[in-house]
Each structure stands twice: as structure tokens, then as C-alpha cells.
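*Asks:* The letter at position 391 of the sequence shown is residue 391 when you use the UniProt record's numbering, and the numbering goes up by one with no holes. We put the CB at the ideal spot given by N, CA and C, even for glycine. Just so you know, these numbers come straight off a predicted model, no measurement behind them. Pasting a structure here, questions to come.
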Amino acid sequence: MSARNLARTVFRAASLRASAGLSRPAFAAIAQRSSAPAFSQTRGIKTMNFGGSEEIVYERSDMPLPKLQSYFKNDTMAVLGYGPQGRGQSLNMRDNGLNVVIGVRKDGRSWKHAIEDGWVPGKTLFSIEEAAQKGTYLMNLLSDAAQRDLWKILAPFITKGKTLYFSHGFAVTYNDQTGVVPPADVDVILCAPKGSGYTLRTLFLDGKGLNSSIAVSQDITGKAKEKAVAVGIAIGSGYLYETTFKKEVVSDLFGERGILMGAIAGLFRAQYDVLRANGHSPSEAFNETVEEATQSLYPLIGEKGMDWMYSNCSVTAQRGALDWQQKFYDATSPVYKELYESVVNGTEVKRALDKNSQPTYREDLEVELAEIDNSEIWRAGKTVRSLRPENVKK
Ligand SMILES: NC(=O)c1ccc[n+]([C@@H]2O[C@H](COP(=O)([O-])OP(=O)(O)OC[C@H]3O[C@@H](n4cnc5c(N)ncnc54)[C@H](OP(=O)(O)O)[C@@H]3O)[C@@H](O)[C@H]2O)c1
1 MSARNLARTV FRAASLRASA GLSRPAFAAI AQRSSAPAFS QTRGIKTMNF
51 GGSEEIVYER SDMPLPKLQS YFKNDTMAVL GYGPQGRGQS LNMRDNGLNV
101 VIGVRKDGRS WKHAIEDGWV PGKTLFSIEE AAQKGTYLMN LLSDAAQRDL
151 WKILAPFITK GKTLYFSHGF AVTYNDQTGV VPPADVDVIL CAPKGSGYTL
201 RTLFLDGKGL NSSIAVSQDI TGKAKEKAVA VGIAIGSGYL YETTFKKEVV
251 SDLFGERGIL MGAIAGLFRA QYDVLRANGH SPSEAFNETV EEATQSLYPL
301 IGEKGMDWMY SNCSVTAQRG ALDWQQKFYD ATSPVYKELY ESVVNGTEVK
351 RALDKNSQPT YREDLEVELA EIDNSEIWRA GKTVRSLRPE NVKK
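Okay, here's the thing in C-alpha cells:
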């Protein structure tokens, strides 16, 4: 079995384990691989029409692997933080043949994960300060709260000639709350993958890519955008689109509180509860709310769009959905407007910083996640998933 097929098999096994609800650090299975992926895209299209608007895009074909390796041949990519993004981005860069070091606090959870993934203490795994000293690109992938809390420690290492990189416009845009004001003599760039680091990694291993936005907040060398594109490709992105630090953070905080995570969880729960309150079984309520959505209909939206999903359902379903979509639009629009305002005025940033800088922030989050896990809808979901034919024990 080739290394590529092995990696795919390992990933599929990991996906099956995850969907069967078995516990295992998801990343461990997808950390190691021995060959760099073939860049399959060959087009070099710079401008694309998005529903009537022209936008500049960058693709892997703009930076084939030899060019990418040559571009970074004198650089050390210091990845500071090893959460989902630090992990996904650093592993993809390592597989792309770049010189990568990891900087995390010693003996924490991230330190352990980094060792599991093959980073070697004293060689490629260091304290945050040591890694920041070694790096020419300082890739600040600490949690957003830690970016504020550790800024004074990090700042002395951001010296002339280095490049400061973020995956979120958070710290720089809301510097009135974070204190993150980069020195005036370095390039400051951003590449923000539109999805979790786990997906960034697994898509990369499968020869695919998560789309990312890029932005520049300081261009000292005249090459900041070029650098953002190059790092964006190096971390395994699909196509790259341009934004600003501010637009990135606002759209990101808005989206994740909205349909990506918050709204979808609320909508699922509301629908499930109405079905249950009217005497439908958990199995029926879960299948009509979550399972059919995630297993059948949403993948169709991803594949070919909303109209295609509609046209693959019965005319009865289409009639009802067309009639009711406006009501849901009208009901949720005011909530979305309130949410957007809460992001723009800094309320969401303040809350994230306050909550996520508590010493017990991970444990506190785990308590809230356990509440979700223990709620009826998601307990029912575990049983439903265990009954998927591919998960039934032979
Ligand atoms: N996750 C996503 O889907 C996503 C997508 C795009 C962009 N981003 C952005 O990417 C960046 C990293 O996000 P993430 O989700 O990967 O990270 P995260 O899980 O929020 O945290 C990452 C790291 O922060 C470290 N950390 C937290 N508090 C610390 C402290 N007081 N001292 C030292 N280290 C500390 C953690 O180390 P320990 O393990 O030792 O606690 C961990 O290595 C953020 O700017 C985020 O907004 C995230």
C-alpha cells in the first residue's frame, strides 16, 4: 500500500471511529505521513466571477511544490500554539517540506500532542520563547485569549526582517482589548482557513483543500501579500480569497455564532423538541432533524447547490420548503442583525477574552460540551450513528 493510500485508509478508519463515537485524539491518526501530496490543480486563473462579482483568487497552481519549497528555503516557520490550527497547519507544512518548529508551553496538553505527532523536544519542539527566537515567520496560533495574555512575552522576538502571521484578524483588529500592536518594521499577514484544523489536515491528506482568506495589515517589504499567498498554499489551503483583518474577524465571529455552529445547534434542538413534545419517538425526531440533514441533504447542497438538493426531493417536500423558507428567513434576520452588531461593537470579543483567559477555561468548556453530549437529542444521535450499516459490528 502506498504512503498516500495508507494515509487515506488511516483517515477513513479515524472517521469511522469518530462517527461511531469512540474516543481517541482525532489528530493522532492523521499526523504522520511520509510523502508530500501531488498538486493536482493546473489552472492559474487569477480572477473569477462569483455570482456576478469579480474577485481575485489564488490557487495551488500559482505556487507548485518546488516553487513553494524554494520560496521558503531560508525560512523557519515557528508555529506558536498547537491547538487544531497549529496542528493542522504545521503538519501540512512539514509534509510540504518546509522547515517547521513548534512553540508551546512545556508539559501542557499541546506539548503532549506535539510529541505524539512526531515533533522532537529540543529539535523541532520548543518553548514559545525559544521557537519565537528561531522563527523567521512567527505564526501566532495561540488561542485568541492567549494571544493577548502572552503578547508582552512574544513582542521582543518580533524583530525586523521577521514576518508576523495570524489565522484570525481578532488580536490586531480589536487591539484596544488585546493590546496586540505589532512593531512597525515587520510584515503582518493573515491566512484564515475556513474550517477546523482537523479538516485542513484531512482534506490535505486526501489531495483536497480547505479554502482560506488572506489579508495584510502591514506591508514593510512590499511582499506581504505574496508571503500570505505562499503561506496559505504551504498550510494546505484550497483556493485563497482576499479580505482585510477586520472583515475576516467580523465575518468569522458572525458565521460561527450563526449558521456554522450556534444557529444550526439552536435550529436542530428547536425542531427536535417540537417533535418530541408531540409524541414522536427520539429515533423519528433525530432522523427527521439531524440524520437526514447531515447524511442526505446537506452533502447535496455542498455538491451542487441548494436548488439541486431541492430538485432531488419530492415535489411535496419542495412545495413545503419553498413556502416556509421565507418565514425562517424573517424569523432569523433580526437575530442575525443583533449578532452582527454584537460582533462589530466588540461585545463578542470581550466575552471570548474574558471567558477563555480563565485558568479553568478548558475544563469549563468541557462541562458545557458534556451538557450537550448528555442531552437527549445527541444521546439519541449516538444510537442512530451506531446503527449506520458501516458502524454495525460484524
Ligand atoms: N479552530 C478553528 O476552526 C480556527 C479556524 C481558523 C482560524 N482559527 C484561529 O487560529 C488560532 C488558533 O486557534 P485554535 O483553535 O487552533 O487554538 P485554541 O484551541 O484556541 O488554542 C491553541 C493553543 O493555545 C495555547 N494556549 C492557550 N492558553 C495559553 C496560555 N495561557 N499560555 C500558553 N499557551 C496557551 C494552547 O496550549 P495548551 O494546550 O498548553 O493549553 C494551544 O496550544 C486562533 O486565532 C483562532 O481564532 C481557528
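(1) If we ignore side chains and look at the alpha-carbon of each, how far apart do K225 and D219 end up?
(2) Using 10 angstroms around the beta-carbon of R388, count the other beta-carbons present and answer buried if the total reaches 16, otherwise exposed.
(3) Could you give the residue range of the alpha helix (DSSP H) that holds N356?
(4) What do you reckon, are the CB atoms on A78 and I102 nearer than 9 Å?
(5) On a CA-only basis, which of F72, V216, Y239 and F126 is nearest A228? Give me that one, please.
(6) List the whole-angstrom C-beta distance separating Y239 from Y58, where the pair is believed to meet the contact cut-off of C-beta under 8 Å.
(7) Tell me whether G103 sits in a helix, a strand or coil according to DSSP, three-state version.
(8) By the DSSP assignment, the alpha helix (DSSP H) with I153 in it spans what residues?
(9) Starting from the C-beta of W119, find all residues in its chain whose C-beta is less than 6 Å away, skip the five residues before and the five after it, and write them out in chain order.
(10) Are the CB atoms of F204 and G88 within a distance shorter than 9 Å?
(11) Taking the alpha-carbon of Q325 as reference, which of T76, E338 and Y310 has the nearest alpha-carbon?
(12) Could you tell me the alpha carbon to alpha carbon distance between I153 and R257, rounded to whole angstroms?
(13) How would you write the range of the beta strand (DSSP E) that Y174 sits in, first residue to last?
(14) Which class does N74 belong to by DSSP, given the choice of helix, strand or coil?
(15) Where do the ends of the beta strand (DSSP E) carrying P299 lie?
(16) What residues in its chain sit with their C-beta under 6 Å from that of N211, if we drop five residues either side in the sequence?
(17) Between the alpha carbons of F254 and Y340, how many angstroms are there, rounded?
(18) From which residue to which residue does the alpha helix (DSSP H) around A31 run?
(19) Between V384 and the rest of its own chain, which residues show a CB-CB distance below 6 Å, the 5 nearest in sequence each way excluded?
(20) I need the straight-line Cα distance from T136 to D62, nearest angstrom please.
(21) Tell me the residue span of the alpha helix (DSSP H) that contains D235.
(22) Which complete alpha helix (DSSP H) runs does the segment 256-295 hold, if anything under 4 residues is left out?
(23) Is the beta carbon of T159 less than 9 Å from the beta carbon of F170?
(24) What is the rounded straight-line gap between the Cα of V250 and the Cα of T244?
(25) What do you get for M93, buried or exposed, if any count of 16 or more other CB atoms within 10 angstroms of its CB means buried?
(26) Do you know how far the Cα of A145 is from the Cα of V180?
(27) Should E338 go down as buried or exposed, given a rule of 16 or more other Cβ atoms within 10 Å for buried?
(28) Is S237 near ligand 2, with its Cβ less than 8 Å from a heavy atom?
(29) Can you grab the Cα-Cα spacing for the pair T347 / P66, in whole Å?
(30) Which runs of the beta strand (DSSP E) fall wholly inside the segment 162-213 and span at least 3 residues, in chain order?
(31) With C-beta atoms as the reference, is T316 less than 9 Å away from I377?
(32) Count the other CB atoms within 10 Å of the CB of F50; is the residue buried (16 or more) or exposed (fewer)?
(33) I need the boundaries of the alpha helix (DSSP H) containing S90, first residue and last residue.
(34) Any idea what DSSP makes of P64, helix, strand or coil?
(35) Under 8 Å: does the beta carbon of I128 sit that close to some heavy atom of ligand 1?
(36) In or out: Y272 buried (at least 16 other Cβ within 10 Å) or exposed?
*Replies:* In short, the structure shows the following:
(1) 8 Å
(2) exposed
(3) T347 to N356
(4) yes
(5) V216
(6) 7 Å
(7) strand
(8) W151 to L154
(9) I102 and L125
(10) yes
(11) Y310
(12) 31 Å
(13) Segment: none, Y174 is in no beta strand (DSSP E) and carries neither H nor E.
(14) coil
(15) From DSSP, P299 is part of no beta strand (DSSP E) but of the alpha helix (DSSP H) over Y298 to K304.
(16) K194, G238 and Y239
(17) 6 Å
(18) Counting along the chain, A31 falls outside any alpha helix (DSSP H), and DSSP gives it neither H nor E.
(19) F286 and E291
(20) 23 Å
(21) The question names Asp, but residue 235 in the sequence shown is Ile. No alpha helix (DSSP H) contains I235, which DSSP labels as neither H nor E.
(22) 262-277 and 282-286
(23) no
(24) 10 Å
(25) buried
(26) 11 Å
(27) exposed
(28) Absence of ligand 2 from the depicted structure is noted, with ligand 1 being the only ligands included.
(29) 45 Å
(30) 163-166 and 187-193
(31) no
(32) exposed
(33) P84 to D95
(34) coil
(35) yes
(36) buried
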